Every structure is written in structure tokens, then in C-alpha cells.
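Asks: Dropping a structure here in C-alpha cells format, bear with me for questions.
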């Protein structure tokens, strides 16, 4: 049912919101991502992105334009966060999508009625403050990008880069929920304890010298499961209530000194950035694809991770891009530079496999949990989705068109992730922006 | 100020609640730990343990027996959890302690007034359901027990058991907040993927075969800090608003197969148990002690982890005990058996050092965060505070008086932690119980 194509995916639909119909728009009427915004210091409100505008969901409800399950969904977000809406599961989310599509449609009675009230229903996104869409309850970060795991592992163990459990276990660690922030903020360069790898000198405390990005997809959980009751693989996809972009900022020098034996801690928990718009599983339905084919010789997933439907359609064809804008580039009026592109197809494990694994021992997921995919690198150099990989551990700097070079992130650097899904016969959709700018510690 | 001794610590004080005055009582009038309870399915209410009874704080407030900052503290817990109360910091917490002590005192006007209303102010603890005292927002587990780190490390690397960062970095990892539960529940044996260490066979999925306990102290955070603003070591102790016992249940077979390279995940997140009563820093003041002496040759803590007052009084002299009751023992009417005893003195890092380190890169703590100390083993065999250590990695079973033996926990086993502080010239205090019973998966 999650992969179902219906009238909301019709590529011929047009919105009366003109900016939604522009070629290459991230938020055409076929996308309708959910988010939370605020107007001039007012209360947080749930909204749907449409072109350059935001549909104000409480306003649409107050105007009597939403009914039934869609009205229920909007009421669930009355506290200015999407946790309870996402907890309602697919039914109300789909009802809201269908009714919002009708309201924003250039054709039909519902669209005409809404258009007549456009001034009270729509806000220019540029005039709104976009907020964290959920109260992030728990944050887990997977390691499902096999090219990343191999490239990062090769820097430490060239002969045996993948850990022996990699093709059996969807490896993950618990991250820090309190420091997840929405796109657009400043990232303060962390101070930390670090010692260059392989040196015997005593460690010192000071500003991170190897600040990095990691290109990931974020998944927001829906209803969740009771403690002690695993989610079977066949039902696991229904737990994912939305997708966003996620930058797992990493202080490599701090991380590599601290992480043996219990994993990354301060090297990661100073900040995580996610994009503000929650792309629904419904909007993604046309862009599902087979799970990443397992190379010959790889073991089949164990039974608790194997589902034929998931193997056939549980992957995602999402093009991902990383843009760098330095202080010098901005002063010169130069546009941000594309430094990495990749695709979510390169994930070794599907979202459903991550959910099934996460709950397989009984761990309970709750609405508003955030799950990161892990860094999504691809097999080529341009698809290496962190500076750690792209610069071969800091030995081969990236050259920028203006003559600057980057080994690690410098103060003033702004990193922006974008993502786009395209498929013949369907309207393309985008994820908006996930950005952060480094400031001195 | 945190270490201040005042009239609330006077060992000669007696309560009109007779059970509080019994020798060896966990909750004499000098303790006054905070908790949340429920009567017969009613709403959660904040309370203070006194002997075998609970002082009903909303009832005391409604009776006009609390005023000023103490009243504020009780109002902050009106939602049935202590997060907002702990967030108020030391002032209101101390005001509540002083006024509650006066109300429960066998001498004085306040005590007589309260005693006259005892039937509406007190509930028998045995008739109350004790709840999780806070909504656990984020959970971090340290590794500050050096004897544990050495004993656990020796099982894998006999020649070099401590990781090279151990004496520099207060090592920690993020745990799972959603699966923290209060004492008294059932712990479902997790299923998981595991492969015996050193074997080449494919892993299999099934019930955990190496289920273990870990004896830890839990710390609940108070006001917290904004993202990007580290808490200096000199102010770090003020962030700890309370202490409890914590059992970091561990599925060793799952953990050891999954944990390289990103740390423990499913091996830990199926359940964590904490005791219901939050022992305040004020109650602990008489039992502070010097930080664990660093053996000759160990490096001094780096400046961000060093504070003279903390080195002098930041340690804790808390005796800890682990009791095992098997199904067979209960059928035979036998009492639980003491299998481990230890002391919080054996922690290599103080709570203040853990807080300072946790925030040193800018990570924000929030009220209701839970921080575990790590397993508190001591230098002798009886002080090895997990079965992993006590049985030398499962090779040397523990013999019980009834002839049973335990390598790992079996279904029906009930593990209970207790803790007690004693010092000449002061009334001893206890932590209550932190228990859980294993049930089949």
C-alpha cells in the first residue's frame, strides 16, 4: 500500500500556486511535504510546502476546507510539532495529502474555493521561519552506506576495510537527540580532546582541526512499537512516516581519539542538521526502486531482515548533492559549488531493514524518533560523501574553482545539501535545503 | 555549596513517621529522596520517601504546608514528572528539603501540624505504584569504572586491557532513552543476531544466550546548558540534580558481534532499569569523598577536567550491592543472595568531570537527561560488577548456596541493586531497590 500510485501522483496536475508549476520546482503539487513554520515570532504552525509558498494547515482547517482524517491530522499538530500527526500512521497522512492536493489544484471546485481565500491560506515561505518539524525524541544513526563504510575503513585498515559484521548487521549507534537542529543555523566549531592518529604525544584540548560533513538521509518514525515487541520486516516500512536530509557534522580528530571501544560521542554530538520539510512516503512512492543488489558472494539477509516486497521496492532513487559556499566565494558574489553528488540507491540496507533491525531485540520506537541512514557514498570519487573520504583522510585537498582548497571545513564555510527525485512519467520532486554555516569556536 | 552540611543532616533528628527512625532504614529524615507515585490508577504525583511511607507533595502544598521556593518546586512537578522541578536547580530543591524535613520532624510546630494531618499527607509506599521519576530525555552511558574497563578489556586484549585513551578521556556512548524503565518490571530476554567470538560460522538470529547485568549509578540532570556553551568543570557539579541506581542490562553475544566499529546498540537498548527514588546532592553531601586517587604514572586530568574542589570532594562513598533471586530460590522460600558488592569510590572520573566532558564540545544537556556512570567494579573478585567479569567471560560460573550455578542470567532470575551510605557522625541513607526479573523471549 505504501508504494501505491494514485491521483496525487498524476504528472499533469497543476496548482493555482504558479511557483509550484515551474520546471524543477522542489515542491510541486505532487510533493506536498509537511513542516512547521512561524510567522514573525508567532506560534509554530503546521504547513505544507507548495512552490515558494506554505499552505497554513490550521488556517485551512479553520476555514472548513479539511475534513475527516485530514482534519484529525491537522488537529494532531496543534501543538506546533508533527510528532502526534506522524503517530497517526498512513491513513490520516494520506487523507491530508489527498485533500491538500485538491485544495491546491488549478482545476476543480475545491481548488477554486481555496484560491478565493489564498491570502489567508498561504504565506510566502521566504517570510516564514522554518522550525524543527518534530520534537526529536531519540536519534539513531545507521552505517548503511557500504561505499562509505569501505572508504572510511580503508583509511584505517587498507587490507580489510569492511568490518566482518557489515554484510550481516545493519550497524548503527545511538546519536544525540538534543543537539539536532533545523537547517539554516550556525554550527559552532567544537572544542575537544584530540591526538593525531599514530602519535605518542599526549592529547590536547582545543578547537577541532578536522571538521567534516556527512551526507545522509533522515527518517522520522510514525506510530512506533511497544517495548519488547519487535516490528516484523513486512510491516517495518509503515513505521517510516517521512524523510528529510541530514548532515551528521563530524569532528574527525575528536572522534578518532575517543571512539575505541564504545563508538562516536563528542565527535558527533555538537550538532546535527536536518532539512525542515518532511517528504512523505506517499510522495516518494514513484521513486522506490529495488534494494541495492548484493554483489556475488555476499550473504542473503537473515530471515528477520528479508521481505520480498522490500527487496523489490524498498530502495529509493533519490539524487543527492552537496554544495559548498566559502566566505571568499560569497564576498566575490560566486554561487555555491557542487562538491559531491550521490544517490540513496547506494544504501546497502533499506529503511525497512533498519527499522526491523532496530526493534528486533525489543527496543521501542516512538513518534518523532529520527533515524539517519549513514553517509551515502557511491562507488566513484565524486560520490564520496564526506571530506574524510573525498580528501583521502585529509591528504588530497579538494580544489575549488576560485583557487581555494579544502581539506576540512573552515570557519565561514556553508554546506548545503539538496535532493531530487526524477522518473519518466512522473513529476520530479525535491527535498528543499539542509544547510549550516561554520562559525569559530 | 553543594557539599554544605546543615541542619537537615543532623543525625539526631527523628521523624514522627516511626519507620523512618529504624536502624538501617533507607529513607530516614536525613535522606528525603524525590519520586513519582500513583495510587490505584490515579494521576502521577510527586512524593518524598520517608521510612515506609510517601509524603504526598501536592497534598502538602494544598494543605498550605509548603511555601516560597518549596511550593514552586512542587508546582513544577504538577505534570507528574520531576523534569521541571530538577530544572529549577539547587535553590528550590534545597528549600523543599528543608521544609519537608521540618514537616516530618518529630519535634517542632511544623511537624506537629503535619502529623495532625498525616492521613491525608502520607501513603504507605507498599500501596503505591512507583513510576519513572522523570521523562528520560537523553541517556548517556559513561565507562568511568576503571576496574570494569580493565577486566572487560582483559578478556579481549590480555596484554593491553585499557584502551590508550582511557586515562585521558571520560569515555561514553549515547544510550537509548525510550527503553529506560523503573524498577520492578520484567526484562524480556532479547532476540538478536550473534556469532560466537572467534568462530567463522555465519551468525544466527535467536534468543540472547549471554544475558548480563551491569551495576551503575545513574545521574539525573538539572537545568542543562544551551547548545554551544560548555559547562566549565567548576560549575559542572551543579548540573547533577539527583542520583539513582541503574542496571545497564546487556546482551553480550549480540553486543560483541555488533559493536565494532560504532559501539553497543541492540546489545544494550532492549531495556535499562533505574531505581524510583532520586537521592539529592544535598542528601549525599556527607558522603562525598576525594576523587579516586590516580595511580603513579597516570596523567593528570587536562585543564577542562580539573578542579581542585572536585578532586577533593567530587567522589562518592556509596556502598553498592547486587542480589540474585532465582526461581528455585523463591520456590524454596530462600532469600535473595548477595553476589556482588562494590563502591562508587572506584569511579575513575567524578560526576562533574563527566558533565564537563559531555558538554565540552558544546553538546547541550536538558532537564531529565540520564547519565550512567558505567559499571562500577572494584579491584577484588567480589567487586566485579557484571557477570562478564565475575565469570571471566563465561568460563567460571558463580556457585549459589542452593547448588545452582550461573554463568549468565536465566529466565526467572531477579536481579536487585541496593546502595547505602554510612559515615561516622551521620545518619546512614539508602537508595531503595533497583530490580528486574528476566522473562523468556
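Residue numbers (this note's numbering), protein chains in the order written: chain A, 1 to 441; chain B, 1001 to 1441. Glycine residues also receive a C-beta, built at the ideal position from the N, C-alpha and C atoms. Owing to the predicted nature of the structure, the values given are computational and were not obtained by experimental measurement.
If distances are taken between C-alpha atoms only, which option among 85/A, 375/A, 120/A and 76/A comes closest to residue 39/A?
Replies: The shortest C-alpha separation from residue 39/A is found at 120/A.
Asks: Does residue 192/A come out as helix, strand or coil in the three-state DSSP assignment?
Replies: Strand.
Asks: Can you give me the C-alpha to C-alpha distance between residue 1182/B and residue 1129/B, rounded to a whole angstrom?
Replies: Each residue's alpha carbon lies about 10 Å from the other.
Asks: Is the region 1083-1101 of chain B close to the region 1140-1150 of chain B, with three or more CB pairs under 8 Å?
Replies: Touching, no.
Asks: Excluding the 5 residues flanking residue 66/A on each side, which residues of the same chain have their C-beta closer than 7 Å to its C-beta?
Replies: Closer than 7 Å at Cβ, skipping near neighbours: 60, 74 and 99.
Asks: Are the Cβ atoms of residue 172/A and residue 139/A separated by less than 8 Å?
Replies: For residue 172/A and residue 139/A, no; Cβs fall outside 8 Å.
Asks: Residues in its own chain within less than 6 Å of residue 1148/B by CB, not counting five upstream and five downstream?
Replies: Excluding positions up to five away in sequence, the list reads 1375 and 1377.
Asks: Going straight from the alpha carbon of residue 365/A to that of residue 1249/B, what length do you get?
Replies: Computed Cα separation, rounded: 18 Å.
Asks: Kindly provide the ranges of any beta strand (DSSP E) runs that are 3 or more residues long and lie completely inside the region 1013-1098 of chain B, ordered along the chain.
Replies: As far as the region 1013-1098 of chain B is concerned, its whole beta strand (DSSP E) runs of at least 3 residues are 1034-1039, 1045-1050 and 1053-1056.
Asks: Under a Cβ-count criterion, where at least 16 other Cβ atoms within 10 Å of its own Cβ denotes burial, should residue 1393/B be classed as buried or exposed?
Replies: The residue in question, residue 1393/B, is buried, as its Cβ has 16 or more Cβ neighbours within 10 Å.
Asks: Taking Cβ positions only, does residue 1193/B come closer than 8 Å to chain A?
Replies: Yes, contact with chain A.
Asks: Are the C-beta of residue 372/A and some C-beta of chain B separated by less than 8 Å?
Replies: No - not a single Cβ of chain B is within 8 Å of the one on residue 372/A.
Asks: Figure out for me which residue from 166/A, 338/A and 430/A has the closest Cα to the Cα of residue 414/A.
Replies: That would be 338/A, whose Cα lies nearest to the Cα of residue 414/A.
Asks: One question on the structure: do residue 1037/B and residue 1245/B come within less than 8 Å of each other, judged by their Cβ atoms?
Replies: For residue 1037/B and residue 1245/B, no; Cβs fall outside 8 Å.
Asks: Buried or exposed: where does residue 1309/B fall if 16 or more other Cβ atoms within 10 Å of its Cβ makes it buried?
Replies: Burial call: exposed.
Asks: Can we say the region 384-402 of chain A touches the region 149-165 of chain A, given the rule of at least three CB pairs closer than 8 Å?
Replies: A contact exists between the region 384-402 of chain A and the region 149-165 of chain A.
Asks: Checking 8 Å against the spacing of the C-beta atoms, do residue 1421/B and residue 1287/B come in under that value?
Replies: Yes.
Asks: Inspect the CB distances between the region 1218-1230 of chain B and the region 1346-1363 of chain B and report whether three or more fall short of 8 Å.
Replies: They touch, by the three-pair rule.
Asks: Would you please verify whether the beta carbon of residue 171/A is less than 8 Å from any beta carbon of chain B?
Replies: Chain B, which has a Cβ nearer than 8 Å to the Cβ of residue 171/A, makes this yes.
Asks: Would you mind working out which of 262/A, 210/A and 425/A sits nearest residue 254/A, comparing C-alpha positions?
Replies: Answer by Cα proximity: 210/A.
Asks: Could you confirm whether any beta carbon from chain A is found closer than 8 Å to the beta carbon of residue 1176/B?
Replies: At least one chain A Cβ lies under 8 Å of residue 1176/B.
Asks: Indicate whether at least one CB of chain B lies closer than 8 Å to the CB of residue 303/A.
Replies: Answer yes: the Cβ-Cβ gap between residue 303/A and chain B drops below 8 Å somewhere.
Asks: Say whether the region 1007-1021 of chain B touches the region 1292-1299 of chain B, bearing in mind that this needs 3 or more beta-carbon pairs closer than 8 Å, one atom from each stretch.
Replies: The region 1007-1021 of chain B, when compared against the region 1292-1299 of chain B, does not touch it at the 8 Å Cβ threshold.
Asks: Of the choices 1212/B, 1267/B and 1282/B, whose alpha-carbon is the least far from that of residue 1240/B?
Replies: For the residues 1212/B, 1267/B and 1282/B, the minimum Cα distance to residue 1240/B belongs to 1282/B.
Asks: Could you name the residues of the same chain whose beta carbon sits closer than 7 Å to that of residue 206/A, not counting the 5 residues immediately before and after it, in chain order?
Replies: So the qualifying residues of the chain are 191.
Asks: Measure from the alpha carbon of residue 1090/B to the alpha carbon of each residue in 1069/B, 1109/B and 1104/B, then state which is nearest.
Replies: Nearest of 1069/B, 1109/B and 1104/B to residue 1090/B, Cα basis: 1069/B.
Asks: Check each residue of the region 252-269 of chain A: if its Cβ is closer than 9 Å to any Cβ of chain B, include it; give the result in chain order.
Replies: Residues passing the 9 Å Cβ filter: 254, 257, 258, 259, 260, 261, 262, 263, 264, 265, 266, 267, 268 and 269.
Asks: Count the other CB atoms, across all protein chains shown, that sit within 10 Å of the CB of residue 395/A; report buried if there are 16 or more and exposed otherwise.
Replies: It is exposed - the Cβ of residue 395/A has fewer than 16 other Cβ atoms within 10 Å.
Asks: For a contact meaning CB atoms closer than 8 Å, what does residue 1363/B contact in chain A?
Replies: Chain A residues near residue 1363/B: 176, 178, 179, 266, 269 and 270.
Asks: Can at least three beta-carbon pairs, one atom from the region 1399-1415 of chain B and one from the region 1331-1349 of chain B, be found at a separation below 8 Å?
Replies: Segments in contact, yes.
Asks: Please tell me whether residue 236/A and residue 356/A are closer than 8 Å, where the distance is taken between their beta carbons.
Replies: Closer than 8 Å, so yes.
Asks: By how many angstroms is the C-alpha of residue 1032/B removed from the C-alpha of residue 1097/B?
Replies: The straight-line gap from Cα to Cα measures roughly 7 Å.
Asks: For residue 1474/B, would you say it is in contact with chain A, using Cβ-to-Cβ distances shorter than 8 Å as the test?
Replies: Outside the displayed span of chain B (1001 to 1441) sits residue 1474/B, for which this structure offers no information.
Asks: Below 8 Å, how does it come out for the region 1314-1327 of chain B and the region 1343-1355 of chain B: are there three or more Cβ pairs, yes or no?
Replies: Cβ pair count under 8 Å is three or more, so yes.
Asks: Taking the CB atoms as reference points, tell me whether residue 1272/B and residue 1412/B lie closer together than 8 Å.
Replies: Not in contact: residue 1272/B and residue 1412/B (Cβ atoms no closer than 8 Å).
Asks: Name the one or two DSSP bridge partners that residue 1221/B has.
Replies: Paired residue(s): 1240/B.
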